[in-house]
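2 protein chains.
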Amino acid sequence: MDNNQVQSKEQLILAAAEQEFLTKGYDGARTTSIAQAAGVTHAMLHYYFRTKEQLFERIVDEKFATMSHSMFAIMGDPSLPIVERIKGGIAAHFDFIADNPLLPRFVINEIVSRPERYEVLYKRAGIIIETIYRDLQLEIDRAAERGEIEKIDIKMLFISIMSMNIFTFLAYPFMEPLMGNLMADREQFLTARKAENIETILRRIKKQ
Amino acid sequence: MDNNQVQSKEQLILAAAEQEFLTKGYDGARTTSIAQAAGVTHAMLHYYFRTKEQLFERIVDEKFATMSHSMFAIMGDPSLPIVERIKGGIAAHFDFIADNPLLPRFVINEIVSRPERYEVLYKRAGIIIETIYRDLQLEIDRAAERGEIEKIDIKMLFISIMSMNIFTFLAYPFMEPLMGNLMADREQFLTARKAENIETILRRIKKQ
DNA sequence: CTTTGTATTAACAAAATTGTTAAACAATAG
DNA sequence: CTATTGTTTAACAATTTTGTTAATACAAAG
């Protein structure tokens, strides 16, 4: 078998499934359409993954992991001074989402439509995040006491960063036709938007 | 016929359809489930609305109108000084979305899954928005020249406002379990979040 | 009180979609 | 070479979902 030369059928199906699920969601996706896009008969899809549900779970697992990686990117480089660290964190998070622009909508839709399914996963993630945030909150509090920045709740700051970074991609198709020339050149807009998000957050924590 | 005393069957179906479509989307919605929720046979649904598609369009039309109203709310009260105006606009927009928390996800999903359908609608909206923004941009430019605020692109500012306000509700189910006690009390969190969004935007335009 | 149009139901039909199976085929280990 | 194992296909089955229809009830109008 040539697993490396040509992509295996399994790989082809997974790639096609990812595309289909990310754009159309579970309900909108069709196993026949995935099989067709992968260039295999739809019996093959069932041979490798048994059910649509199981194929979907493979994609969900990977995408949830990617999403959590993206959230850790906001943490930034701990060796840098706090303002530089936040600046870098925002940029890294923005770039991460830029590389996975379909990810947030997929994850949000999935959480909304079957919350019970992710309760366990979520409880664990919540605890991890809690401890990590505590460290960063401490660093922020110390910087605030030194008068370098404003005192602020790190969670609120994270929500603001995620809001601005994620919304950019989430609502791109919605906003683009409404914004005239501003968003006409995607690359140029994204560059400007990244800078704007950083500027907005930095001003939020700037001592005044 | 008692059109007002008791809700008409048509009204019941529309209400059930709105709930179903907003939470599950077009693909996830089931006409049988809508009929059941409305307490009518599913033949009734087809009698009144012919097809799922036509029923969906009724909901979409209304929701797109609501969404565009919400966007106009950001404009704020033109009789107020610019900073107060923006402050009020953010608050009004936030409250609007708070009253329609399922709206943004629904609209975004719809735009992403069938963009061609809204091209015409969008061209028109884009032109209207363009002219309205021009006025506000002028007012901002004048205030900036007077040294009251920073010079800023109104469209960028609007995107930031929409980002922070909308993301709050869009990602609520996703964030809530990750944020420990912060989001435990929904009302309290929304109040804090509204204030945070206003603070963030005002700092963005504050002359420094 | 009969006609006419609307409302309602149950049963049915059609289509789409997921999933199965049996048989053919290919690769490979012994 | 052949037995075994995994791969592939075509055809089929089951289910779900949307949509239709024919029969019936009901209300209003003449």
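As given, the protein sequences belong to chains A and B, one line each in that order. The opening residue of the first sequence carries number 0 in numbering that gives the first Met the number 0; numbering runs sequentially from there. The opening residue of the second sequence carries number 0 in numbering that gives the first Met the number 0; numbering runs sequentially from there. Here a beta-carbon is modelled for each residue, glycine too, at the ideal position from N, C-alpha and C.
| field | the region 9-29 of chain A touching the region 45-61 of chain A, judged by at least three CB pairs closer than 8 angstroms | value | yes
Taking the alpha-carbon positions, what's the R133 of chain A to P80 of chain A distance? 17 angstroms
Could you round the C-beta distance between K206 of chain A and I148 of chain A to whole angstroms and report it? I think they count as a contact, below 8 angstroms.
6 angstroms
Would you identify the three-state DSSP class for K86 of chain A, choosing helix, strand or coil? helix
- Query: How close, in whole Å, do the beta carbons of N164 of chain B and I89 of chain B come, if the pair is a contact with beta carbons under 8 angstroms?
  - Reply: 7 angstroms
Item checked: Closest Cα partner of I73 of chain B within the set B:M43, B:F168 and B:L156 -> B:L156
Margin query: I'd like to confirm the pairing. Which residues does DSSP put opposite I148 of chain B in its beta bridges?
Written below: B:K205
- Message: Output needed for L44 of chain B: all residues of its chain with C-beta closer than 6 angstroms, excluding positions within five of it in sequence on either side, in chain order.
- Response: I12, T30 and A34
### Message
Taking the straight line between their C-alpha atoms, what separation do you get for Q6 of chain B and G38 of chain B?
### Response
12 angstroms
Excluding five sequence neighbours on each side, which residues of the same chain lie with their C-beta closer than 6 angstroms to the C-beta of L101 of chain B? L21
For this session: Consult DSSP for I107 of chain A and reduce its assignment to one of helix, strand or coil.
Result: helix
task: Return the first residue and the last residue of the alpha helix (DSSP H) that G27 of chain B is part of.
output: K8 to G27
For Q187 of chain B, the three-state DSSP class (helix, strand or coil):
helix
*Establish whether the CB of Y46 of chain A and some CB of chain B are separated by less than 8 angstroms.*
no
- request: Using alpha carbons as the reference points, say which of A:D140, A:L177, A:F166 and A:A143 lies closest to K154 of chain B.
  value: A:L177
Worksheet item: Can you tell me the Cα-Cα spacing of I160 of chain B and Y171 of chain A, whole angstroms?
Response: 15 angstroms
Interface flag, K193 of chain A vs chain B, CB-CB below 8 angstroms:
no
CA-to-CA distance, L201 of chain A to I151 of chain A, given in whole angstroms:
12 angstroms
In its own chain, which residues sit with a C-beta less than 7 angstroms from the C-beta of L137 of chain B, not counting the 5 before and 5 after it? none
### Task
Would you mind telling me which residues of chain B sit closer than 9 angstroms to N108 of chain A, beta carbon to beta carbon, in chain order?
G24, R104 and N108
State yes or no: is the beta carbon of N3 of chain B nearer than 8 angstroms to at least one beta carbon in chain A?
-> Its pLDDT being 39, under 50, N3 of chain B is placed unreliably in this model, and the coordinates cannot settle the point.
- Message: Using the three-state DSSP reduction, which class does R141 of chain B fall into: helix, strand or coil?
- Response: helix
- Determine, using beta carbons only, whether F55 of chain A comes closer than 8 angstroms to chain B. no
Using a beta-carbon distance below 8 angstroms, is F63 of chain A in contact with chain B? no
What are the residues in the region 146-158 of chain A lying within 8 angstroms of chain B by C-beta distance? D152, K154, M155 and I158
- Task: Would you mind telling me which residues of chain B sit closer than 7 angstroms to P114 of chain A, beta carbon to beta carbon, in chain order?
- Result: P172
Endpoints, alpha helix (DSSP H) assigned at V39 of chain A = Note, V39 of chain A: premise wrong, no alpha helix (DSSP H); not H, not E.
- Task: Please name the residue, chosen from B:E9, B:D26, B:E52 and B:N196, that lies closest to A36 of chain B on a Cα-to-Cα basis.
- Result: B:E9
Chain A contact for A143 of chain B (CB, 8 angstroms cutoff): no
Within the 8 angstroms Cβ cut-off, does T31 of chain B reach chain A?
no
Exercise. Go to R57 of chain B, then tell me how far its alpha helix (DSSP H) extends in each direction, as first and last residue.
Key: K51 to A72
When you compare only the Cα positions, how much space is there between G27 of chain A and E109 of chain B? 12 angstroms
Exercise. Rounded to whole angstroms, what's the CA-CA distance from G75 of chain A to T199 of chain B? Just pull it up for me.
Key: 21 angstroms
**Asked** In chain B, what lies closer than 9 angstroms to A124 of chain A by C-beta?
**Response** P176 and L177
Quick check: the Cα distance between T190 of chain A and F168 of chain A, rounded to an integer number of angstroms?
13 angstroms
| query | Going straight from the alpha carbon of S162 of chain A to that of I158 of chain B, what length do you get? | reply | 11 angstroms
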